[in-house]
Every structure is written in structure tokens, then in C-alpha cells.
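Q: The structure's right below; bear with me while I get my questions together.
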Amino acid sequence: MKISVKKTRQIGLFTSIAIMISSVVGIGIFFKNGSIFRFNNFNDIGIIISWVFASLIALFTALSFAYITFSKKSGSGIAGVVDELKAPKFARFISILQTFFYNGILTPSISFFAAESLLMTTMPKDAPPPQIYQIFLLAIGLFLFFLLLNFISFKFSSILQNCATIIKFIPIVVIAIIGIVYGINHAQDSLFNHNNPKRLSFSIVGVLASLPSILFSFDAFLGVTSLQHKIKNAKKNVPITLVVGMFLVAIVYILITIGQVFTSEGYAYGVINKVFEYNANLVRIITIVINVFITISIIGVLNSFVIFLIHNGQYAIDEKIIFWWSWLQRVKSKHFKEMQGLVSVLIVFFVWIIIFMIISIPLNTDVYIDLLSNYPIVFFFAIYGLVIAFAFYKQIKLNKNKKTTKKQNNIKPKWFFNYEDNKLKNKVVNKWILSAWLIGMISCLFVFLYQFLYGYTIYAWLDPYNLKLYSFGLFYTNNVSIIPWVASLLFFVMIVFFIGFPFMNDAILKQQLLKKLTINNINRKDLLV
Numbered sequence: 004m005k006i007s008v009k010k011t012r013q014i015g016l017f018t019s020i021a022i023m024i025s026s027v028v029g030i031g032i033f034f035k036n037g038s039i040f041r042f043n044n045f046n047d048i049g050i051i052i053s054w055v056f057a058s059l060i061a062l063f064t065a066l067s068f069a070y071i072t073f074s075k076k077s078g079s080g081i082a083g084v085v086d087e088l089k090a091p092k093f094a095r096f097i098s099i100l101q102t103f104f105y106n107g108i109l110t111p112s113i114s115f116f117a118a119e120s121l122l123m124t125t126m127p128k129d130a131p132p133p134q135i136y137q138i139f140l141l142a143i144g145l146f147l148f149f150l151l152l153n154f155i156s157f158k159f160s161s162i163l164q165n166c167a168t169i170i171k172f173i174p175i176v177v178i179a180i181i182g183i184v185y186g187i188n189h190a191q192d193s194l195f196n197h198n199n200p201k202r203l204s205f206s207i208v209g210v211l212a213s214l215p216s217i218l219f220s221f222d223a224f225l226g227v228t229s230l231q232h233k234i235k236n237a238k239k240n241v242p243i244t245l246v247v248g249m250f251l252v253a254i255v256y257i258l259i260t261i262g263q264v265f266t267s268e269g270y271a272y273g274v275i276n277k278v279f280e281y282n283a284n285l286v287r288i289i290t291i292v293i294n295v296f297i298t299i300s301i302i303g304v305l306n307s308f309v310i311f312l313i314h315n316g317q318y319a320i321d322e323k324i325i326f327w328w329s330w331l332q333r334v335k336s337k338h339f340k341e342m343q344g345l346v347s348v349l350i351v352f353f354v355w356i357i358i359f360m361i362i363s364i365p366l367n368t369d370v371y372i373d374l375l376s377n378y379p380i381v382f383f384f385a386i387y388g389l390v391i392a393f394a395f396y397k398q399i400k401l402n403k404n405k406k407t408t409k410k411q412n413n414i415k416p417k418w419f420f421n422y423e424d425n426k427l428k429n430k431v432v433n434k435w436i437l438s439a440w441l442i443g444m445i446s447c448l449f450v451f452l453y454q455f456l457y458g459y460t461i462y463a464w465l466d467p468y469n470l471k472l473y474s475f476g477l478f479y480t481n482n483v484s485i486i487p488w489v490a491s492l493l494f495f496v497m498i499v500f501f502i503g504f505p506f507m508n509d510a511i512l513k514q515q516l517l518k519k520l521t522i523n524n525i526n527r528k529d530l531l532v
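Start counting the sequence shown at 4; every next residue gets the next number (our numbering).
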């Protein structure tokens, strides 16, 4: 009976791909494309190059992680990958950041964006815009709902993801097709028409400035590595999920972007308004239908994210990584074994959403939430690059050592993703795979280094008071713009916090050890300080 229960709780390849796609496709492509169009001055070449470039970065990153390794530890995610590479302190550093910084910032951000989408769908067109505090209340409600849903039934939550994944392709396909058809028949309105007054000159700075917003659309794809213990035949299916899922997402994103370029519209609803502007009633009906589908898809993103972060949170508690692990030892549930992780997620969520509320409510705008949601993406692409670089370095050393060993010691895969032994030292890594790692490593590090050395430094301070320099905000900007020097200051404050928090976390743990406040001893050698 125990075996059958375990099997029923595992998910197959299709569901794992559905969860991965559903966690990625949604907010970025539907809502952030407007800022990408503005960054590129509505230049068709710049917009498409931005998406193709970002898609290649994401694809090579997924390909790299698909081949490196994966961890058998429940909820470990990318930290588990690093732990398998025998870098325990780096793995600890990543796990702390993944739990508090990455999940902490993105969860309230995604909840807020989902709330915005829901309000856009349900509110009458002539109704006054909601206050930002009202959106925050709805965001908290949505988050708590999906947290409760996953507490009640992971299986039902997985079924919801399958449905959401199928549903979210409907508005994407519809918008892409009607946009392309309209653009072909109305060439004067297309950005491909060089005489279009909206279309301005190509800017490489615009392309590079677009990367954080676009990569927000791709991020969370590695979240599926936190669920390998729940995926059937994970050794094969997790890598397939990463690569196949990312490839499908990239194709879909580029397709809908081309449809939007054909209509000169950066937002999905703008495409509908332009194509059917001759019939106001038809526009109203189609907009409502499409918005419902978009809202379902975005809620699917939130649900996927909640699935991932509960398991990440539980891993941090089980491994005694986060300093409040000892406080949650008495929190137990026979029904839900990740109960401590769930409570940890609640703590982190409310810490960050209170910070967001303090910043956003007085200004009554969403621009700072949009800005802050880009920071963990940029910082974690640096982490991805460093992980790939470390794997690349280890493999080069292994290749040198293998020259003196017998070939029988290396296990050749039945096909690209299928391994009997998951250890990196037992894998056959040829020059093509090493090339993919090299491209993934350089691309990931470039995303961070460009923003660090130019995007939020030189570029921001060349014109520190130009309110048109950055294009942040989704639907409720209320005519508030980010001051460049403020964006730069926030960026570097977040970097200091990003690097410093893991050490602060372990300093607190060290003090708890000295005062014997923890229930079980932690090996002090594992701490960062």
C-alpha cells in the first residue's frame, strides 16, 4: 500500500513540462512586453533581436543545467546541483538566497501582477482605477489561496497546472495569428513598415536594457529541479523538461512578439483593440474573453511558483540552512510533510510584501514593484553563470584525469539525457556539450555584468534626472517614473544585501549555537562565518 500511495503522488513528464511552462509563461510576455517595446523605441529589429538574444541565453542555460547534474534532495533546486558538484558552502550561499531573496522578492511581485490582471479583467471599463493598497490586499488573498490549495492537495494543484498550461496557449495563439494577419493586410500600421511614425532608430543599448525584463519572462524554469522527488523517472524527465519546456516557451514568445510588432502594440489587449477597432462591442467581448484566459494563465504562474517555493522552504529547514529553522521544529502536520516549509514561506512573503507596500502605497504606483522584480533575475543569472563555470572547470580537470583511466569507467548515455549514474565524473562530456556550457556561462554572466558595469551605473548617471530613461510599471503607474539615480542606488543597495544576507544569516546561526538556542547542533564548519 505504501508503494502505491507514493506512485500516485508522483507526476509524469507531461505534468512536469506543464508545471515548468506554466511557471514561466504569463506575466512577462503579456505585461512586460510594453516596456521592451519602449526600451527599443518601437524598432522592429531591436524588439525581435532582444527576444531572440534572451531566448538563446535562456535555452543555453537550460541545456547546461540539463546536462550538468541534478540533486536527489527534495526541494534543493539549484543549490542541490551545486552540492552535487562538491561545493557545499557555495550551495549553502545559494540556498539562503533562493529562500529569502529570490523567492522572497518574486513571490509578492507575481502575486501583485496576478492581482492587477484579475482587476483588469473584472472591473468595468468606466470604473475608477483601484488604489495600490487594494491591489496589495488582493495579491495577499491570491497568494494565501494557492498556499492553502497546495496544502490541501498537491495532486489537484498539479491538475490545475495542466489545465492552465493548455488555456494559456489560447490567447498567445489568437493574438499572434490575428496580429500577423492584420499586419499583412495593414502594412502601414506595422513596425516592419519603416515609414511608421512610431518606429524610431535601432539602439543596442535598448536591446541590452530589455534583457532583465525579458529574462523575467523566462525565469523560474529551474524551479522544476525542486520537484525531482515528485517526478517519475526524474533522471531522464527533469533534463527533458528543462530543454523541451524552454524551447517551446522561446518559440511561443517570439511568435506572439512578431504578432505584436505587426500591429505596433506592446500589450496583448492593444492588439485586440487595434484589430477590431471598427466594432466596439466586438472589441469588448473579445477583450473580456482574452483577459479571462490571460488571468488564468497568470494565476497558473503563481500556483507553479507556490509549488516550487514550498519545497525550497522545506529544504532550507530540513538542512538547517535558514536561521529560523529551529523556531519551526514544533510545526508539524501528519497531512502535509512540508508544513514547516509552508510556514517559512509565509514569513518570507510577508516580510517582503510589507517592504513593497511601504515603498509603493505612498506613491500609489506599481513602478517600483516592476523595478525590484528585475533585480533577483539579474543577480541569479550571475549565479547560474558561476555554477556553469564551476561545472566547466571541474569537467576540464576530469577530462585530463580520464586520459589515464580505462574507457569502461565512463557510462555512456542511452541518449542525450538518460543516465544510470548522475555523477558528473561518470558522464561523457564531448566538445559540443562543453561549447554549450561555455555559451551558457558567458551569456549568464554578461546579463549581470552589463547591468552592473553600465545599465545601472554609467547609463543611469549620464542623465540622472531623465524620467524617460527607464520604462518600468505595468497598468497602474499613475504617471510615476523611476528617477535614474534612484534606480542605480536601489540596484547597489540590493547587491550589498544580496551578498551580505547569507553571511548575516549564518552569523545569527553561529550566535544561536554559542547560546545553545538551537534544538540540534549544526556543524560550525558548514557555516559561512
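Every residue gets a Cβ at the ideal spot worked out from N, C-alpha and C, and that includes glycine.
Predicted model, so just to flag it, every value in this text is computed and none were measured.
Distance, Cα to Cα, leucine 470 vs valine 184?
A: When rounded, the distance between both Cα atoms is 36 Å.
Q: Counting C-beta neighbours from all protein chains within 10 Å, is the total for tryptophan 440 16 or more, i.e. buried, or is it exposed?
A: Tryptophan 440 should be labelled buried.
Q: With a cut-off of 8 Å on the beta carbons, I'd call isoleucine 60 and serine 347 a contact; round off their distance for me.
A: That pair is no contact at about 31 Å.
Q: Excluding sequence positions up to five away, which residues of its chain have a Cβ less than 7 Å from the Cβ of asparagine 367?
A: So the qualifying residues of the chain are Gln134, Ile135 and Asn481.
Q: How do the stretch 285-294 and the stretch 205-218 stand: do at least 3 beta-carbon pairs fall below 8 Å, yes or no?
A: Cβ pair count under 8 Å is below three, so no.
Q: Starting from isoleucine 442 and walking both ways along the alpha helix (DSSP H), at which residues does that stretch end?
A: Isoleucine 442 -> alpha helix (DSSP H) spans 434-453.
Q: Should tyrosine 318 be labelled buried (16 or more other beta-carbon atoms within 10 Å of its own) or exposed?
A: Tyrosine 318 is buried by the Cβ-count criterion.
Q: Using CA atoms only, rank isn't needed, just tell me which of Ser98, Ala69 and Leu312 is closest to glycine 83.
A: Among Ser98, Ala69 and Leu312, the Cα nearest to that of glycine 83 is on Ser98.
Q: Within 10 Å of its beta-carbon, does tryptophan 464 have 16 or more other beta-carbons around it, so buried, or fewer, so exposed?
A: Tryptophan 464 should be labelled exposed.
Q: Can you tell me whether DSSP reads isoleucine 486 as helix, strand or coil?
A: DSSP places isoleucine 486 in coil when its eight states are reduced to three.
Q: Within 10 Å of its beta-carbon, does lysine 278 have 16 or more other beta-carbons around it, so buried, or fewer, so exposed?
A: Reading the sequence as shown, one finds valine at residue 278 and not lysine. With 16 or more other Cβ atoms within 10 Å, it is buried.
Q: Under a three-way DSSP split, which group does isoleucine 14 fall into?
A: Strand at isoleucine 14.
Q: Can you tell me the Cα-Cα spacing of valine 246 and valine 309, whole angstroms?
A: Roughly 22 Å between the two C-alpha positions.
Q: So, is glutamine 533 buried or exposed, given that buried needs 16 or more other C-beta atoms within 10 angstroms?
A: Because the chain here runs from 4 to 532, residue 533 falls outside it and cannot be looked at.
Q: Name the one or two DSSP bridge partners that isoleucine 234 has.
A: Paired residues: Ile14.
Q: Among Ile436, Met360, Val370 and Ile442, whose alpha-carbon lies nearest the alpha-carbon of leucine 140?
A: Among Ile436, Met360, Val370 and Ile442, the Cα nearest to that of leucine 140 belongs to Met360.
Q: Would you kindly work out how many angstroms separate the C-alpha atoms of lysine 239 and glycine 458, rounded to a whole number?
A: So the two alpha carbons sit approximately 39 Å from each other.
Q: Go ahead and pull the three-state DSSP assignment for glutamine 514.
A: The answer is helix: DSSP assigns glutamine 514 an H, G or I state.
Q: For the stretch 325-337 against the stretch 119-126, are there 3 or more C-beta pairs whose distance is under 8 Å?
A: Counting Cβ pairs under 8 Å, fewer than three are found: no touch.
Q: The alpha helix (DSSP H) that contains asparagine 46, what's its start and end?
A: Element bounds for asparagine 46: n/a, residue is neither H nor E.
Q: On the criterion of 16 or more Cβ atoms from any shown chain inside 10 Å, does valine 532 qualify as buried, or is it exposed?
A: That one is exposed.
Q: Closer than 7 Å by C-beta to isoleucine 275: which residues in its own chain qualify, once you throw out the five before and the five after it? Chain order, please.
A: Correct list, in chain order: Val286, Ile289, Thr290 and Ile293.
Q: What is the rounded straight-line gap between the Cα of asparagine 43 and the Cα of serine 213?
A: Cα to Cα, asparagine 43 sits roughly 8 Å from serine 213.
Q: What three-state label does DSSP hand methionine 126 in the structure shown?
A: Correct three-state label for methionine 126: coil.
Q: Skipping 5 residues on each side, what residues in its chain have a beta carbon closer than 6 Å to that of isoleucine 399?
A: Correct list: empty, nothing qualifies.
Q: For isoleucine 6, which of helix, strand or coil comes out of DSSP?
A: Annotation note: pLDDT 33 at isoleucine 6 (below 50); position unreliable, coordinate value reported separately. Note: isoleucine 6 maps to helix in three-state DSSP.
Q: Under a Cβ-count criterion, where at least 16 other Cβ atoms within 10 Å of its own Cβ denotes burial, should asparagine 236 be classed as buried or exposed?
A: It counts as exposed.
Q: List the endpoints of the continuous alpha helix (DSSP H) containing glutamate 87.
A: Taken as a continuous stretch (DSSP letters only), the alpha helix (DSSP H) holding glutamate 87 covers 80-87.
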